[in-house]
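> Shown below is the structure under consideration.
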Amino acid sequence: MNQITNSGTEQSPEKRKIVVVDDEPFVLKVLARQLTLLGYEVLSFERAQDALSVLEESGPGIDIVFTDLQMPEMDGVEFVRRLVGARYDGHIVLISGEDARIIRSAERLARARGLSVLGALSKPATREQLKEQLSRAEVTTQVQSATAVPKYEREELRAAISDGQLVNYYQPQVAVGTGAVIGVEALVRWRHPRDGIVSASGFIELIEQYDLVDELVREVLPSALNEIAALQSLGNELRLSVNLSIDNLNSLDFPDFVAAAAAKADFPLSRLVMEITERRLVGDQLSSLDILTRLKLKRIGLSIDDFGTGHASLAQLRDFQYDEIKIDCSFVHGAWGDDSLDAIFRASLLLAKQLKMVTVAEGVEDADDWRHVRELQCERAQGYFIGRPMLVEELPSWLSEWEDRFGKL
Ligand code: C2E
Ligand code: MG
Ligand code: MG
Numbered sequence: 001m002n003q004i005t006n007s008g009t010e011q012s013p014e015k016r017k018i019v020v021v022d023d024e025p026f027v028l029k030v031l032a033r034q035l036t037l038l039g040y041e042v043l044s045f046e047r048a049q050d051a052l053s054v055l056e057e058s059g060p061g062i063d064i065v066f067t068d069l070q071m072p073e074m075d076g077v078e079f080v081r082r083l084v085g086a087r088y089d090g091h092i093v094l095i096s097g098e099d100a101r102i103i104r105s106a107e108r109l110a111r112a113r114g115l116s117v118l119g120a121l122s123k124p125a126t127r128e129q130l131k132e133q134l135s136r137a138e139v140t141t142q143v144q145s146a147t148a149v150p151k152y153e154r155e156e157l158r159a160a161i162s163d164g165q166l167v168n169y170y171q172p173q174v175a176v177g178t179g180a181v182i183g184v185e186a187l188v189r190w191r192h193p194r195d196g197i198v199s200a201s202g203f204i205e206l207i208e209q210y211d212l213v214d215e216l217v218r219e220v221l222p223s224a225l226n227e228i229a230a231l232q233s234l235g236n237e238l239r240l241s242v243n244l245s246i247d248n249l250n251s252l253d254f255p256d257f258v259a260a261a262a263a264k265a266d267f268p269l270s271r272l273v274m275e276i277t278e279r280r281l282v283g284d285q286l287s288s289l290d291i292l293t294r295l296k297l298k299r300i301g302l303s304i305d306d307f308g309t310g311h312a313s314l315a316q317l318r319d320f321q322y323d324e325i326k327i328d329c330s331f332v333h334g335a336w337g338d339d340s341l342d343a344i345f346r347a348s349l350l351l352a353k354q355l356k357m358v359t360v361a362e363g364v365e366d367a368d369d370w371r372h373v374r375e376l377q378c379e380r381a382q383g384y385f386i387g388r389p390m391l392v393e394e395l396p397s398w399l400s401e402w403e404d405r406f407g408k409l
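Heads up, the sequence shown is in UniProt numbering, so the first residue is 1 and it goes up one at a time.
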């Protein structure tokens with residue numbers, strides 16, 4: 001077994017342990033040295049099998065594993081798979097000389113297997129890059145414990161809906177060219193008595209599994225209509241987008257319910273948009289088509305949400321004339337620095353424009369994303385860079401802050 005233990009020069013009271021695996025002795029040595037200087041205790045291995053034996057023995061004692069992908073006996077992909085088998089519960093960092101796309105597939109695979117992947121590095125990694133990955137380990141450890149999704153029981157969710165524990169947050173959507181506010185998207189949150197504010201991603205799939213989507217929309221939609229109808233300060237052209245689950249398109253009286261709710265709130269249907277996500281395969285396509293067509297006849301805007309993910313996005317475009325396409329944040333955020341994301345983003349925009357649909361980019365998180373969305377002439381954008389989801393009363397002060405910021409962009 002070729003194992004070298006380095007001990008650091010920057011002494012810290014409780015040193016974190018890192019395992020490094022790379023078949024090239026020189027690369028291994030340099031990396032181990034860099035990590036040691038950063039204050040970690042490093043165990044290095046030229047063979048993944050040897051690292052695995054040590055990890056199996058030392059159980060939870062190892063905090064981070066750095067592994068190469070291309071190795072002669074056991075490669076990085078197999079090693080990562082075996083780590084899961086060995087119940088390794090620390091973080092991993094992939095290091096490789098391979099093409100960025102291969103590294104990204106390996107990264108995705110490791111995540112899908114439930115491992116905490118801090119990131120991937122191309123060889124040779126600089127000290128700054130290493131530091132950045134390691135700093136993520138601190139954050140990830142905290143976030144993981146804070147956001148582990150609890151499994152809620154059906155009864156608890158049903159009660160939350162009927163007892164008024166749900167609250168709508170609103171995320172602004174702006175025109176990329178002028179910065180003008182086009183509308184807001186209602187994103188439901190759960191004020192959980194024990195867990196605090198739980199965002200939609202933490203319970204929507206359960207709502208769908210428990211067959212509670214009807215109850216949900218009957219709660220969310222009227223309150224969103226009332227809140228936005230009463231909000232005059234953002235202009236009286238503001239549009240309201242509401243998310244639907246595909247199962248909402250099973251009850252044939254749904255369009256009538258929407259029309260009645262909008263009339264009651266005195267909100268024009270032409271300013272209402274329904275965002276539809278296909279997270280899973282649909283059962284009754286005939287009734288969906290019936291409902292979508294009737295919504296459209298009522299002049300309600302229809303939007304394909306999370307375009308490019310989930311099921312049959314292209315088939316959806318083939319079967320129905322949507323008004324708007326929302327390109328999923330996984331293709332938008334970071335597309336400026338990633339050729340394959342960028343290709344998908346551009347192709348989706350082209351497709352949407354040819355089909356005469358309005359294009360909206362989701363997940364515009366930072367100034368680079370914003371610049372890119374602007375260059376590609378996507379019409380509208382939404383994301384943390386523009387504004388986070390917020391309570392209705394926070395929208396006016398967000399607006400003046402945004403107008404100020406947009407003027408300087
Ligand atoms: P979505 O409709 O695609 O909404 C966008 C999600 O991305 C929201 O998560 C939002 O908080 C988040 N987001 C906003 N800006 C950024 C950004 O810059 N970067 C990143 N990474 N994320 C951003 P949230 O609120 O947890 O909602 C998750 C999903 O749950 C929504 O995805 C939507 O499909 C569903 N959902 C939300 N509210 C409702 C609802 O009332 N009914 C139904 N059926 N589904 C809902
Ligand atoms: Mg949406
Ligand atoms: Mg989306």
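Think of the CB as a built atom: it goes at the ideal place given N, C-alpha and C, for glycine as much as any other residue.
Predicted model only: the values in this text are computed from it and were never measured.
By DSSP, does P172 sit in helix, in strand, or in coil?
Strand, per DSSP.
> Would you be able to state if there are at least three C-beta pairs under 8 Å between the stretch 66–78 and the stretch 97–115?
They touch, by the three-pair rule.
> How long is the line joining the alpha carbons of T342 and S348, rounded to whole angstroms?
Correcting the residue type first, residue 342 is Asp in the shown sequence and not Thr. Taking the straight line from one Cα to the other gives about 10 Å.
> Pick out every residue whose C-beta is nearer than 5 Å to a heavy atom of ligand 2: which are they, in chain order?
Here the list is N243, E275, D305.
> In whole angstroms, give me the CA-to-CA distance for I207 and Q285.
Cα to Cα, I207 sits roughly 21 Å from Q285.
> So that I know if they touch, is there some Cβ in chain C lying closer than 8 Å to that of H372?
Absence of chain C from the displayed structure is noted, only one protein chain being present.
> Just the Cα atoms here: how many angstroms apart are R239 and L216?
If I take the Cα positions, the gap works out to 21 Å.
> With 16 other CB atoms within 10 Å as the buried threshold, where does L225 fall?
Buried: at least 16 other Cβ atoms inside 10 Å.
> Check whether the Cβ atoms of L28 and S53 sit closer than 8 Å, and answer yes or no.
Not in contact: L28 and S53 (Cβ atoms no closer than 8 Å).
> Give the straight-line distance between the Cα atoms of F320 and K298, rounded to the nearest whole angstrom.
Their Cα atoms are separated by approximately 16 Å.
> Is it right to say residue 410 is buried, meaning 16 or more other beta carbons lie within 10 angstroms of its own, or is it exposed?
Residue 410 lies beyond the stretch modelled for the chain, which goes from 1 to 409, so this question has no answer here.
> For my contact list, L115 and I95 are in at a C-beta cut-off of 8 Å; report their separation, rounded to the angstrom.
Not quite, the Cβ-Cβ distance comes to about 15 Å (not below 8 Å), so this is no contact.
> Among the candidates E324, V167, K123, whose CA atom is the shortest distance from the CA of V188?
Among E324, V167, K123, the Cα nearest to that of V188 is on V167.
> Counting only runs of 3+ residues fully inside the stretch 54–124, write out the beta strand (DSSP E) ranges in chain order.
As far as the stretch 54–124 is concerned, its whole beta strand (DSSP E) runs of at least 3 residues are 64–68, 91–96, 116–122.
> Do the stretch 166–181 and the stretch 251–264 meet, that is, are 3 or more Cβ pairs less than 8 Å apart?
With a cut-off of 8 Å, the stretch 251–264 and the stretch 166–181 do not count as touching, because too few Cβ pairs lie within range.
> L289: which of D247, K264, D266 sits nearest, CA to CA?
Checking every option, the nearest Cα to that of L289 belongs to D247.
> Which residues mark the beginning and the end of the beta strand (DSSP E) in which H192 is found?
Taken as a continuous stretch (DSSP letters only), the beta strand (DSSP E) holding H192 covers 181–192.
> So the candidates are L83, S122, L118; which of them puts its Cα closest to the Cα of R101?
Considering only alpha carbons, the answer is S122.
> Given that a residue counts as buried once 16 or more other Cβ atoms are within 10 Å of its Cβ, and exposed if not, what is T359?
Buried is the call here.
> Output yes or no for whether 8 Å exceeds the beta carbon distance between S303 and E324.
Yes; because the gap between Cβ atoms is below 8 Å, this pair is in contact.
> Quick check on G383: buried or exposed, where buried means 16 or more other Cβ atoms within 10 Å of its Cβ?
Buried, since its Cβ has 16 or more Cβ neighbours within 10 Å.
> Which runs of the beta strand (DSSP E) fall wholly inside the stretch 254–333 and span at least 3 residues, in chain order?
Segments of the beta strand (DSSP E) lying fully in the stretch 254–333: 272–277, 301–307, 324–327.
> Which residue's Cα is closest to the Cα of W32: F307, T67, G179, W402?
For clarity, residue 32 is Ala in the given sequence; the question names Trp instead. Out of F307, T67, G179, W402, T67 has the C-alpha closest to the C-alpha of A32.
> Name the residue from Q49, D338, D266, E185 whose alpha carbon lies nearest to the alpha carbon of D99.
For D99, the nearest C-alpha among the options comes from D338.
> Relative to the C-alpha of E275, which candidate in A263, K264, A259, N243 has its C-alpha closest?
With distances taken between Cα atoms, E275 lies closest to N243.
> Check whether the Cβ of L314 sits closer than 7 Å to any heavy atom of ligand 1, and report yes or no.
It does not: the Cβ of L314 is nowhere closer than 7 Å to a heavy atom of ligand 1.
> According to the Cβ coordinates, are V184 and V174 closer than 8 Å?
Not closer than 8 Å, so no.
> Count the other C-beta atoms from every protein chain shown that fall within 10 angstroms of the C-beta of residue 415, then say buried if there are 16 or more, exposed otherwise.
Coverage of the chain is limited to positions 1 through 409, which leaves residue 415 absent and any answer about it impossible.
> Assuming Q70 and G97 form a contact by the criterion Cβ under 8 Å, report the distance between their Cβ atoms to the nearest whole angstrom.
The pair is a contact, with the Cβ atoms about 7 Å apart (cut-off 8 Å).
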